[in-house]
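Novice:
Residue numbers (the numbering used here): 9 to 203.
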C-alpha cells in the first residue's frame with residue numbers, strides 16, 4: 009500500500025519536473041522473475057525506470073542510505089535492500105537471487121556507478137541473470153534530468169541468453185557485453201532493442 013502511494017506521488021512529481029516518455033513498456037513480462045538492466049546517469053534512475061511500471065521494482069542500495077532519516081525508511085518501502093560498501097556480501101547476493109527466483113522484478117545498473125556516458129560494466133548483472141533464470145530486460149534512460157525537460161525510458165525485449173545455459177563464470181564477461189550492447193543500441197537509436 010505504501011509503495012502504491014509513494015509511486016503515485018512520484019508520478020505526480022515527475023509529471024511536473026521530468027515528464028517521462030515511456031517506450032516498450034509491453035516488453036516487461038507481466039509475471040515471473042525479471043532482471044531490469046539499465047544505464048546509470050543519476051541518483052534518480054531507480055525511480056525513473058520503475059514508477060511507470062505496474063510491477064514493483066526492487067533494488068540493491070548502499071547500506072549507508074538506510075541510516076538516513078526518512079530516506080532510509082522510504083527506500084525500504086520502495087523495495088530496496090542494503091548492500092555494504094566495498095563489495096556485495098553473500099547475504100545481498102542471496103537476497104537478490106531469492107527476489108528474482110521468487111518472481112519479482114529487480115532493477116540493476118551493470119555499470120555499478122553513475123556515468124554521464126555508458127561506462128565499463130561489472131559482471132554482477134550477468135551473474136544474477138545466469139544463476140536466477142530470470143528474464144533479462146534492457147532499459148535505456150535518455151535525458152539530463154533538467155527541470156521541465158522530457159526524459160525517455162525505453163524497455164527492450166527480453167534478451168535471449170539460452171546460448172549460455174549451463175555456462176560457468178568464464179561466460180560472465182560475454183553476457184555482460186550482450187546486455188550492455190542492447191542498452192547502448194537503445195540509447196543510440198531511441199528505439200526498443202529486439203531479440
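Glycine included, every Cβ here is placed at the ideal spot set by N, Cα and C.
Quick caveat: nothing in here was measured; it's all calculated off a predicted structure.
1) From the DSSP output, read off the bridge partner residues of residue 68.
2) Could you tell me whether the region 182-194 touches the region 128-141, using the rule of 3 or more Cβ pairs below 8 angstroms?
3) Which one of 149, 105, 172 has the shortest CA to CA distance from residue 140?
4) Within the same chain, show all residues whose beta-carbon is closer than 8 angstroms to that of residue 158, passing over the 5 residues directly before and after it, in chain order.
5) Check the C-beta distance from residue 161 over to residue 60 and give it rounded, since I have them as a contact under 8 angstroms.
6) Look up residue 30 in the DSSP assignment and say whether it is helix, strand or coil.
7) Just tell me which of 174, 34, 175, 15 has its CA closest to the CA of residue 58.
8) Among 155, 107, 142, which residue has its Cα nearest to the Cα of residue 52?
9) By how many angstroms is the C-alpha of residue 88 removed from the C-alpha of residue 205?
10) Hey, which unbroken runs of the beta strand (DSSP E) at 3 residues or more fall wholly within the region 108-165?
Specialist: According to the structure shown:
1) Answer by DSSP bridge pairing, in chain order: 89.
2) Between the region 182-194 and the region 128-141, the count of Cβ pairs shorter than 8 angstroms is three or higher; the stretches touch.
3) Among 149, 105, 172, the Cα nearest to that of residue 140 belongs to 105.
4) Counting only residues of its own chain and dropping the five nearest sequence neighbours on each side, residue 158 has a CB closer than 8 angstroms to the CB of 26, 27, 28, 29, 151.
5) Confirmed, Cβ separation roughly 7 angstroms.
6) Residue state, collapsed to three classes: strand.
7) Scanning 174, 34, 175, 15 for the CA closest to the CA of residue 58 turns up 15.
8) If we check each option's Cα against that of residue 52, 155 comes out closest.
9) Outside the shown range of the chain, which is 9 to 203, sits residue 205, and nothing can be said about it.
10) Whole beta strand (DSSP E) segments, 3+ residues: 113-116, 143-150, 159-163.
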